[in-house]
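Student: Once you've had a glance at the structure underneath, I'll fire off some questions.
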Amino acid sequence: MSNTASLRPQAVASEHIPLKPRNVAFDWADTPLHWIPGDPDSTHTINVLHLLLPAGERWFVRVYKQVLPYIRDERLRADVIGFIGQEAMHAQAHDEVLPHLKERGLDPTPYTAQVDWLFEKLLGDRTLPPGRARKWWLLERVATIAAIEHYTAFLGDWVLNADALDAKGADPMMLDLLRWHGAEEVEHRSVAFDLFMHLDGGYRRRVRTWATAFTALVFLWQRGTRFFMENDPSLVDGRASFREFFRAGRQGVLPTAGAMARSIPQYLSRAYHPSQHGSTTQAVAYLAGSPAATAAEARTTGGA
Ligand SMILES: [Fe+2]
Ligand SMILES: [Fe+2]
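Everything in the sequence shown is counted per full-length UniProt numbering, starting at 1 for the first residue and increasing by one.
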């Protein structure tokens, strides 16, 4: 009996908190193109977030709005509503970086047009009759979001602890965007998984959608990094390389390949629950001191 219990997802209750969106704003006027000084490779590897997240997180929101009527648990419903609010704000904040990149000579439109197509058409609503097919497609997307959120939580935890970025003199505005977002990813890291388990939870579906999501993320990420490196007007013959990626991992300015590899069996373990990894206390502590989050809080309370 204890064996069976140990194979079920074990949530850490103390990691759960009510979620609220923070209406942040960032000013990019003083942020240089290479916001990690002297390291265009790592800068652009992280910049891929600005390409993927606006379309990706808006897609989360669209899917979850369709899912709300199927939720039979009031706390989970409140979590999902909080999640929707946070993700909508994340999408907007990353979207607002794109004009700044364009002003600096790096037009992201050719890449974002493809990402928009992926999320709006390929992964969008299909003209399916009401019933099993439509429900199947909704559940596939709910499971895919849970798999992606495993990686947003991984990256959120990483960036909150990436002291090497501060040591390298990374731009404080960009760091605050990444850490505000990362902290909220850690705060809400259980929601997508809990929703998937509530609606379906099938292990085969979990593995299948993880494999698709992981493959797509690796593909899109290396393509996005290549796109930025090749189109960066300040680089002569700019090229993305795995050698630079491994170097940045060793220096702590990007996650290591080893840490990413270890995250795979975590998600595929039958006992996995997102609350077992990362620290809500650390996330909340960051948000309490984040310039963008505290300014948002002051606007909210000042305007109330
Ligand atoms: Fe997010
Ligand atoms: Fe998220």
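We put the CB at the ideal spot given by N, CA and C, even for glycine.
1) When the Cα of D116 is compared with those of L52, E103 and M174, which residue comes out closest?
2) How many angstroms separate the CA atom of R179 from the CA atom of D171?
3) Quick one: is the Cβ of T152 within less than 8 Å of any heavy atom of ligand 1?
4) Quick one: what's got a C-beta closer than 8 Å to D39's C-beta in the same chain, skipping five residues either side?
5) One question on the structure: do G105 and D232 come within less than 9 Å of each other, judged by their Cβ atoms?
6) With distances taken Cα to Cα, identify the nearest neighbour of A285 among H50, G182 and A213.
7) In or out: R75 buried (at least 16 other Cβ within 10 Å) or exposed?
8) Are there 16 or more other CB atoms within 10 angstroms of the CB of S290, so buried, or fewer, so exposed?
9) Alpha carbon to alpha carbon, how far is V97 from H50?
10) Beta carbon of residue 389, beta carbon of E15: below 9 Å?
11) What separation, rounded to the nearest whole angstrom, lies between the Cα atoms of P18 and I148?
12) For S234, collect the residues of the same chain with a Cβ closer than 8 Å to its Cβ; drop the 5 residues on either side in sequence, then sort them by chain order.
Tutor: Looking at the coordinates:
1) L52
2) 12 Å
3) yes
4) K168, A248 and V253
5) yes
6) G182
7) exposed
8) buried
9) 7 Å
10) No statement about residue 389 is possible, as the shown extent of the chain runs from 1 to 304 and does not include it.
11) 21 Å
12) L33, H34, P40 and G105
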